[in-house]
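Chemist:
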Amino acid sequence: MTDSAVDTSQRPVDATMAPTPTTPSDAAASEQPADLLPEGARVEVRSTLDQRWSGGFVVVSASSAGYRLQRSSDEVLLPSIVPVQHVRRERKRNTWWM
Numbered sequence: 001m002t003d004s005a006v007d008t009s010q011r012p013v014d015a016t017m018a019p020t021p022t023t024p025s026d027a028a029a030s031e032q033p034a035d036l037l038p039e040g041a042r043v044e045v046r047s048t049l050d051q052r053w054s055g056g057f058v059v060v061s062a063s064s065a066g067y068r069l070q071r072s073s074d075e076v077l078l079p080s081i082v083p084v085q086h087v088r089r090e091r092k093r094n095t096w097w098m
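The sequence shown runs 1 to 98 under our numbering.
(1) What number of angstroms, rounded off, separates the C-alpha of Ser80 from the C-alpha of Val43?
(2) Identify, in the order they occur along the chain, each residue of the same chain with its Cβ nearer than 7 Å to the Cβ of Val82, setting aside the five sequence neighbours on each side.
(3) Report back the beta-carbon spacing between Arg71 and Gly56 to the nearest angstrom; my notes put them in contact at under 8 Å.
(4) Quick one: complete beta strand (DSSP E) runs, 3+ long, within the stretch 55-96?
(5) Please name the residue, chosen from Val60, Glu75, Trp53, Asp35, that lies closest to Glu90 on a Cα-to-Cα basis.
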């Protein structure tokens, strides 16, 4: 039986069978839906305490899990990811009469 055995150690690998390499940028792009705010967007965050919106934040990164935000005043990153539903684009103030 050893005469009919096929040596597979030198067989070339078929490209369709090889695993597809993934990079972190590919993974991040697939996690970020098109409707998320872009990096650098000025936003407001809803407080979980009193449900009021507070301005003065900038989007650092976005994913389906939420936003990584930075305070504009001192450029400190917030310690946790803020859920998508608690972030909105910054609105202009005092323009109700226009």
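Backbone N, C-alpha and C fix where the C-beta goes; we use that ideal spot for every residue, glycine too.
Modeler: This is what the structure holds:
(1) 16 Å
(2) Val45, Gly66, Tyr67, Leu69
(3) 6 Å
(4) 66-71, 87-89
(5) Trp53
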